[in-house]
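Those protein sequences? They're chains A and B, same order as listed.
Read left to right, the first sequence gives residues 7 to 454 (my numbering).
Read left to right, the second sequence gives residues 2 to 771 (my numbering).
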Amino acid sequence: MSIHHSRREFLKTFGLSAASLPFVMNLPSLGFAASTQRKQRLIVMFSPDGTIPPDFWPDEEGENFTLKRILKPLEPYQNRMLTLHGVCDKLQGDGDRHMRGMGCLLTGIELFPGNIQGGSDTPAGWASGISIDQEIKNFLQSKDETRTRFGSLEFGVLVPDRADTWTRMSYAGANKPIAPVDNPYQMFAKLYGQMKDQESLRSILDEVQDDLKKLSAAVSAEDRRLLDEQATFVREMERELQAQKDQKSVGHAVPQLEPGIVEENDNIPALTNMQLELLVNSFTNDFARVATFQFTNSVGQARMRWLGIEEGQHELSHKPDNDKDSQEKLVKINTWYAEQLAQLVKRLDETPEPGGEGSLLDNTLIVWGNELGKGNNHTLDNIPFVMVGGGLDFKMGRSLKYDKVPHNRLLMSLAHGFGHHVESFGKPELCKDGPFDRLVCSTLAKIN
Amino acid sequence: MIPCFSPSRLIASFLTLVVALVLTSAVELHAAEPDAGTAERGKAIYQKLCADCHGASGQGVKDYFPDPLTGDRSLVELTKVIIDTMPEGEADKCVGDDAAAVSKYIFDAFYSPLAHARVRPPRVDLQRLTNRQYANAVADLIGSFTGIGQPDQNRGLKAQYFNDRRFNRGKRVIERVDPVVNFDFGEGTPEEGKFEVEAFSMQWEGSLIVPETGDYEITVSTENGAKLYLNDFETPLIDAWVKSGYDTEYSQTIRLLGGRAYPLRLDYFKFKEKDASVRLLWKRPRHTKEVIAERYLSPSRVPSTFVVQTPFPPDDNSVGYVRGTSVSKEWDQATTLAAIEVAAAVSDRAFRIANTKPDAGDAGAKLRSFCQAFVERAFRRPLRDDQRKLHIDQQFEEAPDLKAAVKRVVLLTLKSPRFLFREPGSTNDVWDVASRLSFELWDSIPDDELRRAAAEGRLENSEQITQQAQRMVGNFHTKSKLREFLQLWLKMERVGDLSKDAEAFPDFSPEVLSDLRTSLELTLDDVINSDKPTLTALLLGKETFLNDRLAKVYGVELPPGDGFRKVAFEPDRRSGVLSHPFLLTGFAYFKDSSPIHRGVFAFQKILGRSIRPPADANFEPLSSAMQPDLTTRERTVMQTSPEACHACHQMINAVGFPLEHFDAIGRFRDKDSGKPVDATGFYLTRQGNEVKFNGVQEMAAYFAGSDEVSTAFADQLFKHMVKQPVRAYAVDLPERLGESFRNSGYNINELLVTIATTASHPPEYPVAAN
């Protein structure tokens, strides 16, 4: 049942801002030629419960490094990726570490005190500030040349149907968590619903015209005027829809979704694939420049039976280092996430930039993060941050090692990479040293 | 085809004994009858002296006097105007018997409303659904499959209290009905000894009864966690489950249709916070924020209602009532967007309604039969074979899948002129009759019983139609439509945000204004919900509803109790709605009363007279500060004394002055500017009789017995219900409706039945070819 609570919400759902139909029914024009600067995009991917550090971090620092087991799937893109060891979530305060790890990951600021009780520490509420993806989205949406239909899209895979500090990482502002859409059909409707509606509309307008004609003949001359006027409007709409169709036939195909995939644990691979396709497609159509992609939730309990693992991920993540069997399973689990990332990278890489040069990957930066550094000790140090793609003029193809620096500086670097030179992001005390200079290589020739 | 019968026969069936009304306080003065010349004499004078400017039959002449020569002045007044002013510039050319003869001719030939209707008979126009009708039709179309949220008589919310933070049934310690949700437990618990201080939870369930259509801002105020579900149990309207930071007020706005009940549930829990409190508030349209009162809450469960969210451009209201006589590009686009919105909602629900599943073998057949019922209810008639093929079969054959087929059927249906227009190409059959009855009384589509009556041939004669109308008048839809009418009749929607001089009225505030509006709404509802709602009760009722805040401002002693209580409010000074302080406050200035606003209201709305606005309408009232020695009445007389103003204002002021005992916030006063109040006034009837009265009680008593007032009420109610010109059905229909209204003892419900029955058969509707 979809009852819209307010006009505003309805209009939002339909992606409308004015009640003029031609505008409303029109998808954003595909006038790529007009933009002179290259597009820049950001994807933040999240997987839960920490990693297995020895099988994740490269031993070497610099351009020559060897990928360990977990990151092995990214090998084809090694020269376009960065690993960032030593970046830590240093936020203290209310909430247990799974909560802070999630709520502060993209906001860089403490949680409010509240009524959500974790496994330890004091109860907490939502994060007390905006998240970096939304900050960048707002920045891009504020300018004509970078504004897109949605600005940002929040994808999820099997996110539990409850809103709390463990299930939300994107925030429109303090106390304003954004729910990811984890149902691909719902995401499809959001992205392409209008287009489908236009098709249906086109198919019925002829019949409406015919009926108006029939009725017109059956009423008095005075009343006919009203029906004839109405017929004119219907005809005009038909013409406008046809014009739009002609204009868009040069546009981009709507992805085909396999029907009937139910949201349940064993469908995680299929759901992931569908959501990735929708993400790539939404970028191709320039519906948004920012996206998040959230696997389950903080404390996520995926049971990866398709890897032969029966236990839930969170349960496994608590096992001690000397439990070799569990460690092995966790390596497999994290490798699976890396494979999904590699699939996303591959799809972006093989998709040419519409109206521009290179591929989508050349103009997109993906950041992969986690709410913990390591599962069994719940550390917020050494969050497994990996970046892939050429979106932000970072010098890629390196293993970077930092000395326990706050992750707020990484968040600042992302904003600066978009030309959004924030003085600080999140908790100002953690931003004193500014963005990471080592990410950017000043001699690197800008594409374009 | 059903046998033809005339509206007059229908009305005749309501005629009972004429009740003679005795007016005690009003004095009637008979004006002298004019020496009526023969019609020929008057006509000859008219053609000679008047036709050049007014046209041969009073239709107007473009460069001289373009407006048709019509109005509702009495013959006496008209004669006087001719003597004094006509022909323009040569007023002495037509006086005495000549003036009387030409005036009589003009009056009977085209000037009077009746004559005008005979010369240029208004017609019943084809109309589209008004916005209100569209929203109701869609809600009830879907509701006819999923259930309709009807308000009932129970009040309060079902409440369960748990000694546990997660609604654990085993730890339920209290079950009861709470009148409102307005609790502050401080550092304690709902009941000492029954709950742990650290954690407890509550759940309130039932329905929200919504008085009028509009945007409602709902607020949950709590220091703890809460979720409010309204009209949708899947997605909360307000999700404050996660207590976070220092916010304690959570608000959302939701558009709701008036007269209906919506399912509601409030979940609340306390966990470890120091304090505990929870309140459920709202801001109704044109009201201030307040705790949702018991009268708007019911413990009964109701189905949810589909409320269309697409904004529509405003309806035509140019002739004094809302109607659907015009279409525009904006409106057509709104119907398209709304059709898309409804199609999405219906296709989401279709499998559940049709009791099938996408992969079930019978899904196609079941959905087709659902769709057929959907289209027939939307079109208000059974589908012919060719229509079924087009609207159902063809859509199912062409659409890629079942859900898409349902969507296409809904789109085609809601864009169809057979849904959007009222009885297009009418053949006057039982289905048209059913549709007219339901739109007239309900602003919505026929319900099950009305459809059955049509299908079984039980709408063939006036008796059967009257029976249906009598059943339908008791329905919540009619009450809602009547409430809307009464609020328009009293111009309540025109009173917006207003402020008053803080020095003169220190107790007045936005909350007081909101309470005043509530008080009048409750007074109207009290009449509407009585067994026999009458115009007499509206005009002469001595009781109204006041709460403690109003009682303080107006110096009234209230019986003990909470909220609004029904009391006799200054029964020896006031009378009915005319002296209700909300209207007196609305029809007044910042500091002073406004006899002109009050007079225009009484003249137009109560007496049903038409007035043209002054040519130059930018008048500032004379300020009381500039003329401190004069009363408001004296200043008003002074300002409206010029000849150009006087002709109309002497009539208007004379029905405004009797309210001069009430100041700018409707408090009683004996003195104005230090002088005794003069509340005398008069009314010159359409017959030319002058009636005098002193104060609101005498005036209201005259109104309550005046044929003009009851006829004007019936006339306005007809237009509101039917949305067509009354005289299109019979030139003397307003007068006849007025008469039958009086004969019923001013019973508004019986008047509604008469109106709906009369208009169920328009007199001159073309017979369709198809």
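Ideal Cβ positions, reconstructed from N, Cα and C, are used throughout, including at glycine.
Source: prediction; values computed, not measured.
With a threshold of 8 Å between beta-carbons, can residue i be considered close to chain A, or not?
i, result
"T214 (chain B)", "no"
"A405 (chain B)", "yes"
"V557 (chain B)", "no"
"H31 (chain B)", "Its pLDDT being 37, under 50, H31 (chain B) is placed unreliably by the model, and the measurement read from it follows with that caveat. Output row for H31 (chain B): interface = no."
"F15 (chain B)", "A caution first: F15 (chain B) carries a pLDDT of 35, below 50, which makes its placement in the model too unreliable to give a value."
"E398 (chain B)", "no"
"I341 (chain B)", "yes"
"L412 (chain B)", "yes"
"L738 (chain B)", "no"
"K358 (chain B)", "no"
"K416 (chain B)", "yes"
What's the C-alpha gap between residue i and residue j?
i, j, result
"E429 (chain A)", "D409 (chain A)", "22 Å"
"F565 (chain B)", "T519 (chain B)", "9 Å"
"S222 (chain B)", "F270 (chain B)", "13 Å"
"S365 (chain A)", "T298 (chain A)", "20 Å"
"F66 (chain B)", "K672 (chain B)", "46 Å"
"P561 (chain B)", "R599 (chain B)", "34 Å"
"A237 (chain A)", "F161 (chain A)", "42 Å"
"K408 (chain B)", "Y198 (chain A)", "15 Å"
"E193 (chain B)", "V174 (chain B)", "12 Å"
"P79 (chain A)", "A348 (chain A)", "6 Å"
"A277 (chain B)", "S594 (chain B)", "47 Å"
"Y590 (chain B)", "E274 (chain B)", "49 Å"
Could one say the Cβ of residue i lies closer than 8 Å to chain B's Cβ atoms, at least one of them?
i, result
"S209 (chain A)", "yes"
"A169 (chain A)", "yes"
"Q236 (chain A)", "yes"
"L33 (chain A)", "Because the pLDDT at L33 (chain A) is just 38, under 50, the model does not fix this residue reliably, and the point stays unresolved."
"D203 (chain A)", "yes"
"E213 (chain A)", "yes"
"N181 (chain A)", "yes"
"L27 (chain A)", "At L27 (chain A), the pLDDT of 38 sits below 50, so the modelled position is not reliable and the matter cannot be decided from this model."
"F118 (chain A)", "yes"
Mind listing the chain A neighbours of residue i? Cutoff is C-beta to C-beta under 8 Å, in chain order.
i, result
"R419 (chain B)", "D217, L221"
"N225 (chain B)", "N121"
"I143 (chain B)", "Simply none; closest approach about 11 Å."
"V328 (chain B)", "L232, E235, Q236, F239"
"R409 (chain B)", "S206, S209, I210"
"L391 (chain B)", "E213"
How would you list, in chain order, the residues of chain A whose beta-carbon sits under 9 Å from the beta-carbon of residue i?
i, result
"F196 (chain B)", "Neighbours of F196 (chain B) on chain A: none; closest Cβ ~16 Å, over 9 Å."
Starting from the beta carbon of residue i, find every residue of chain B whose beta carbon is closer than 9 Å, and list them in chain order.
i, result
"C228 (chain A)", "Correcting the residue type first, residue 228 (chain A) is Glu in the shown sequence and not Cys. Residues of chain B passing the Cβ test: R124, D126, L127."
So residue i contacts chain B; which residues on that side make the cut at Cβ distance below 8 Å?
i, result
"M243 (chain A)", "D333, Q334, T337"
Point to revise | the stretch 238 to 249 of chain B: positions lying closer than 9 Å to chain A by Cβ | key: L238, D240, W242, V243, K244, S245, G246, Y247, D248
Review point. When you check each C-beta in the stretch 129 to 151 of chain A against every C-beta of chain B, which residues fall closer than 7 Å?
Key: Against chain B - using a Cβ distance shorter than 7 Å - the residues of the stretch 129 to 151 of chain A are P129, G131, W132, S134.
Review point. Do three or more CB pairs link the stretch 129 to 140 of chain A to the stretch 417 to 434 of chain A at distances below 8 Å?
Key: The answer is yes - the stretch 417 to 434 of chain A touches the stretch 129 to 140 of chain A, with three or more Cβ pairs under 8 Å.
Review point. Touching or not, the stretch 384 to 397 of chain B and the stretch 349 to 358 of chain B, by the rule of three or more beta carbon pairs under 8 Å?
Key: With the rule of 3 Cβ pairs closer than 8 Å, the stretch 384 to 397 of chain B does not count as touching the stretch 349 to 358 of chain B.
Review point. Quick one, which residues of the stretch 253 to 287 of chain B are near chain A if we go by CB-CB under 9 Å, in chain order?
Key: Q253, T254, I255, R256, F270, K271, F272, K273, E274
Exercise for review: Residues of the stretch 107 to 133 of chain B with a CB closer than 9 Å to any CB of chain A: list them in chain order, please.
Suggested key: Only those residues of the stretch 107 to 133 of chain B whose C-beta falls short of 9 Å from the nearest C-beta of chain A are listed: R124, D126, L127, Q128, R129.
Point to revise | the stretch 723 to 731 of chain B touching the stretch 686 to 704 of chain B, judged by at least three CB pairs closer than 8 Å | key: Contact fails: fewer than three Cβ-Cβ distances are below 8 Å.
**Study point:** Stretch-stretch touch, CB-based, cutoff 8 Å, three pairs: the stretch 267 to 287 of chain A with the stretch 352 to 364 of chain A
**Key:** With a cut-off of 8 Å, the stretch 352 to 364 of chain A and the stretch 267 to 287 of chain A count as touching, because enough Cβ pairs lie within range.
Check your understanding: Taking one C-beta from the stretch 417 to 433 of chain B and one from the stretch 213 to 227 of chain A each time, how about it: are there three or more such pairs within less than 8 Å?
Key -> yes
Review point. Is there contact here, the stretch 77 to 93 of chain A with the stretch 382 to 400 of chain A, by at least three beta-carbon pairs under 8 Å?
Key: yes
Check your understanding: How do the stretch 327 to 340 of chain B and the stretch 276 to 288 of chain B stand: do at least 3 beta-carbon pairs fall below 8 Å, yes or no?
Key -> no
Review point. At a cut of 8 Å, does the stretch 190 to 207 of chain B reach the stretch 159 to 170 of chain B through at least three beta carbon pairs?
Key: yes
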